[in-house]
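J.: Encoded as structure tokens, here's the structure I'll be asking about.
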Amino acid sequence: MDLNSQHIQRPGRNARGERCGGKRDVHVHRSAIAVLRSALLRSAPLREAHAAPRRATPLRLGTGDMLPLLSPPRPRAARPRASATVSATARPAVILPGLGNNTGDYARLAAALRDDHGLPAAVVARVTRPDWLRNAAGLADASYWRGTLRPRPVLDWYLKRVDDAVSEARELCAPGGKISLIGHSAGGWLARVYMAEFDASDISLLLTLGTPHLPPPKGVPGVIDQTRGLLNYVEENCAPAVYTPELRYVCIAGRYIQGAPLLGNSAAASDEILAADTPSEGGHAVIVSSSDNSTSTPSAVSWRARFVGQGYKQVCGRADVWGDGVVPEMAAHLEGALNVSFDGVYHSPVGSDDEQRPWYGSPAILKQWVHHLLS
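Taking the numbering used here as reference, the numbering of the sequence shown is continuous, increasing by one, and the terminal residue is 389.
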């Protein structure tokens, strides 16, 4: 029955031959309609309460949108739809956290890329600090003890998080658009594993920040491969670095502190170390100095330099080299890539104050490399 229409019975006789009047019938029908309408309206909230929950439409980030990034296991944040004004050539970026870092460590970097530099989106792979304990599964693999460990299946959990983030970025791309990967520390070489194992056809840039790309040299006394063969696998099985219009590798290193041997004095000057460690075949090197964060070789070797030097030695086989405090400059560059070094840049967002100890994602440093994401 259409409740918005009224049925009016004309005067006449009913089936028993009794005369019936139109006005009374109209009054009865209208009363019945009113009662039925009231009952239906009262039952509507009850039906809605018992109905299946509606699936929320995901929101997507557009240019200028501000949204805090959440770390797992908290629910995925809703994202507004991509703005219609975003350029078809703009590339969303996916940030890959480094070893021991979590999603929240990169919230300020992601916000700066979106809000200050116009990226349509910056998605951080969702990783928590306890997630890294999953790597202990490698201890049960005999290849760990032989030093021939492979990334998969030990690191499948991380690669899946990266793939989820890349899928999220693809939803924010213009049709036929490309994606940039930003890998911090171990996230840089894990990005290379991801590109080798997953669909990377729409990735046009891999930019790494303080990534130890090279395996430590064999046969150096006191040097133990802390990756247990993972970097050897990457070097032997992942595609070499290139810098082409279709795919560009940009490897950024920091020169925060020069290491020193545990015993004795460092005889090498920083300029000589730089010249020896810069790739000379197929690579490009750019050294960027900042007057505010410039580094200098101390006249006396400090305990800190000796301590840092032991960390450098485990990565590259030498202690008396420049690095970002964790990764030596020479290990953070790849032959065939555009290699860039920044003076005074610390390794991690954890422990950085953006001014006295800036890291790669600090505002003043970000301004010097963000153009690679925009071109």
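Yeah, the Cβ is synthetic: ideal placement off N, Cα and C, and Gly gets one too. Please read these numbers as outputs of a predicted model, since none were measured by experiment.
If you draw a straight line from the alpha carbon of I196 to that of Y120, how long is it in whole angstroms?
T.: Their Cα atoms are separated by approximately 11 Å.
J.: Hey, would you say V359 sits closer than 9 Å to R262, going by beta carbons?
T.: In this structure, R262 does not lie closer than 9 Å to V359 by Cβ.
J.: Pairs of beta-carbons, one from the segment 166-181 and one from the segment 122-133, closer than 8 Å: are there three or more?
T.: Flag = no, the segment 166-181 and the segment 122-133 do not touch.
J.: Indicate the three-state DSSP secondary structure (helix, strand or coil) for V248 in the structure shown.
T.: Of the three classes helix, strand and coil, the one that applies to V248 here is helix, per DSSP.
J.: Going by C-alpha to C-alpha distance, which of F321, A183, Y208 sits closest to A274?
T.: Looking at the Cα atoms, F321 is the closest of the given residues.
J.: Count the other CB atoms within 10 Å of the CB of E369; is the residue buried (16 or more) or exposed (fewer)?
T.: With fewer than 16 Cβ atoms within 10 Å of its Cβ, E369 is classed as exposed.
J.: Determine contact between the segment 147-154 and the segment 220-231, defined as no fewer than three beta-carbon pairs at a distance below 8 Å.
T.: With the cut-off at 8 Å, the segment 147-154 and the segment 220-231 do not touch.
J.: Could you check where the beta strand (DSSP E) with L110 kicks off and where it finishes?
T.: Here the beta strand (DSSP E) through L110 covers 107-110.
J.: What are the partner residues of Q382, as DSSP defines its beta bridges?
T.: Q382 is not bridged to any residue.
J.: Quick check: V176 and V108, are their CB atoms within less than 9 Å of each other?
T.: Yes. Within cutoff.
J.: Mind checking whether G112 and G224 have CB atoms under 9 Å apart?
T.: Cβ atoms of G112 and G224: closer than 9 Å.
J.: Using the beta-carbon count (16 or more within 10 Å), is N251 buried or exposed?
T.: The residue in question, N251, is exposed, as its Cβ has fewer than 16 Cβ neighbours within 10 Å.
J.: What is the DSSP secondary structure of Q272, reduced to helix, strand or coil?
T.: Q272: strand per DSSP, three-state reduction.
J.: What residues are listed by DSSP as bridge partners for W373?
T.: Note: W373 sits in a beta bridge opposite Y360.
J.: How would you label W159, buried or exposed, when you count the other beta carbons within 10 angstroms and need 16 or more for buried?
T.: Exposed: under 16 other Cβ atoms inside 10 Å.
J.: Quick check: what's the CA-CA separation for Y326 versus G278?
T.: Their backbone Cα atoms lie some 16 Å apart in a straight line.
J.: Taking the C-alpha atoms as reference points, what is the distance between N380 and R143?
T.: Checking the displayed sequence, the identity of residue 380 turns out to be Leu instead of Asn. So the alpha carbons of these two residues sit roughly 24 Å apart.
J.: What is the DSSP secondary structure of R140, reduced to helix, strand or coil?
T.: Three-state DSSP puts R140 in coil, outside helix and strand.
J.: Measuring alpha carbon to alpha carbon, tell me which of A333, S389, R128, A200 ends up nearest L244.
T.: That would be A200, whose Cα lies nearest to the Cα of L244.
J.: Give the straight-line distance between the Cα atoms of A319 and H386, rounded to the nearest whole angstrom.
T.: Their Cα atoms are separated by approximately 32 Å.
J.: Could you tell me the distance, in whole angstroms, from the CA atom of T258 to the CA atom of Y172?
T.: Cα to Cα, the separation comes out at about 28 Å.
J.: Helix, strand or coil for C265 per DSSP?
T.: C265: strand per DSSP, three-state reduction.
J.: Run through DSSP, which three-state label would N353 get?
T.: Strand.
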